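Q: Using this note's numbering, the letters of the sequence shown map in sequence onto residues 1 to 205. Pasting in a structure now, in structure tokens, and then I'll have a few things to ask.
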Amino acid sequence: MSPRKSAAEARRTRERIVEHGVAIASVEGLEGLTIGRLATGLGMSKAGVLGHFGTKQALQLATLETGAAAFRRLVWEPARDAEPGLPRLRAICEAWITYMESARDTFPGGCLFTTASVEFDARDGAVREAVARLFGLWRRRLALEARAAVAAGDLPDDTDPEQIAYELVGLYMALNQEIQLFGAPDAGDRTRRALDRLLGPCPSD
């Protein structure tokens, strides 16, 4: 086997492990990721799984990064080309609702980050720091778009962009709970009504 082919196969195996890890973690949390569980689910040896990550923590961190990439693809990418400010912020919010409503396609147990934030908010360590960093990056993106909306005159001059970001995260934490815990079919529409109160009607309305 050529070194190039060997490296490509190792990369594909690592991706399979992490994808399976994302599916497990969204349902059972990142602590539900064990080398033995993954090895059994993938038909691999424990040594084979361990060889790609070394530690459970490394596996958890890789799972978070893969989940973050999926979130960016499904929430940020569809909105990226919208006009900066309120149009893009509302486009982000709509893509976010779609992501939450169809999250089971990527995360069988719902939003991985909502699960991880509850699981690790009272713990110390690298995984908690990674969760906080990813949430922090997203909140800064939301605040940036809110700030652009103020500059464009789409939101009142006295709007606090950080408060907008804070409330948006709270809305979507609630949306995830409504979908996952209560199975509420109207959760997306309730979130849209809450967005109208927070941000005003969509620019196209």
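All residues carry an ideal CB built from backbone N, CA and C; glycine is no exception. Model, not experiment: these values are computed from the prediction.
Compute the Euclidean distance between the alpha carbons of residue 143 and residue 161, then round it to the nearest angstrom.
A: Distance between the alpha carbons of residue 143 and residue 161: 5 Å.
Q: In this structure, how does DSSP classify residue 111 when only helix, strand and coil are distinguished?
A: coil
Q: Give the secondary structure of residue 45 by DSSP, where H, G and I count as helix, E and B as strand, and everything else as coil.
A: Coil at residue 45, not helix or strand.
Q: Taking residue 92 as the reference, which of 46, 104 and 79 has the closest Cα?
A: 79
Q: Okay, do the segment 57-77 and the segment 20-38 touch, 3+ Cβ pairs below 8 Å being the bar?
A: yes
Q: Can you find the residues in the same chain that come closer than 8 Å, C-beta to C-beta, to residue 200, ignoring five residues on each side of it along the sequence?
A: 86, 154 and 155
Q: Would you call the segment 47-60 and the segment 131-151 touching, i.e. three or more CB-CB distances under 8 Å?
A: Counting Cβ pairs under 8 Å, fewer than three are found: no touch.
Q: Any idea what DSSP makes of residue 12, helix, strand or coil?
A: helix
Q: Looking only at its own chain, which residues have a Cβ that is under 6 Å from the Cβ of residue 164, when we skip the five neighbours before and after it?
A: Take residue 164, set aside five residues on each side of it, and the residues of its chain with a beta-carbon closer than 6 Å to its own are 146, in chain order.
Q: Assign residue 110 to buried or exposed, taking buried as 16 or more other Cβ atoms, counted over all protein chains shown, within 10 Å of its Cβ.
A: Residue 110 counts as buried, since no fewer than 16 other beta carbons sit within 10 angstroms of its beta carbon.
Q: Span of the alpha helix (DSSP H) holding residue 66?
A: 56-71
Q: Could you check what DSSP says for residue 217 in three-state terms: helix, strand or coil?
A: Given a span of 1 to 205 for the chain in the structure shown, any question on residue 217 remains unanswerable.
Q: So, under 8 Å CB-CB, residue 187 and residue 175 are touching, yes? Tell me the CB distance rounded to an integer number of Å.
A: A Cβ-Cβ separation of about 6 Å places residue 187 in contact with residue 175 under the 8 Å criterion.
Q: Tell whether a beta-carbon distance below 9 Å holds between residue 53 and residue 17.
A: yes
Q: Check whether the segment 108-126 and the segment 39-47 are in contact - that is, three or more C-beta pairs closer than 8 Å.
A: As far as the Cβ criterion goes, the segment 108-126 does not touch the segment 39-47, which means the pair count is below three.
Q: Can you tell me the Cα-Cα spacing of residue 88 and residue 51, whole angstroms?
A: 43 Å
Q: Leaving out the 5 sequence neighbours to the left and right, which residues in its chain are closer than 6 Å to residue 120 when beta-carbon positions are compared?
A: 127, 128 and 131
Q: Which same chain residues, not among the five before or five after residue 103, have their C-beta less than 7 Å away from its C-beta?
A: Answer for residue 103: 110 and 111, listed in chain order.
Q: Mark residue 10 as exposed unless 16 or more other C-beta atoms lie within 10 angstroms of its C-beta, in which case mark it buried.
A: exposed
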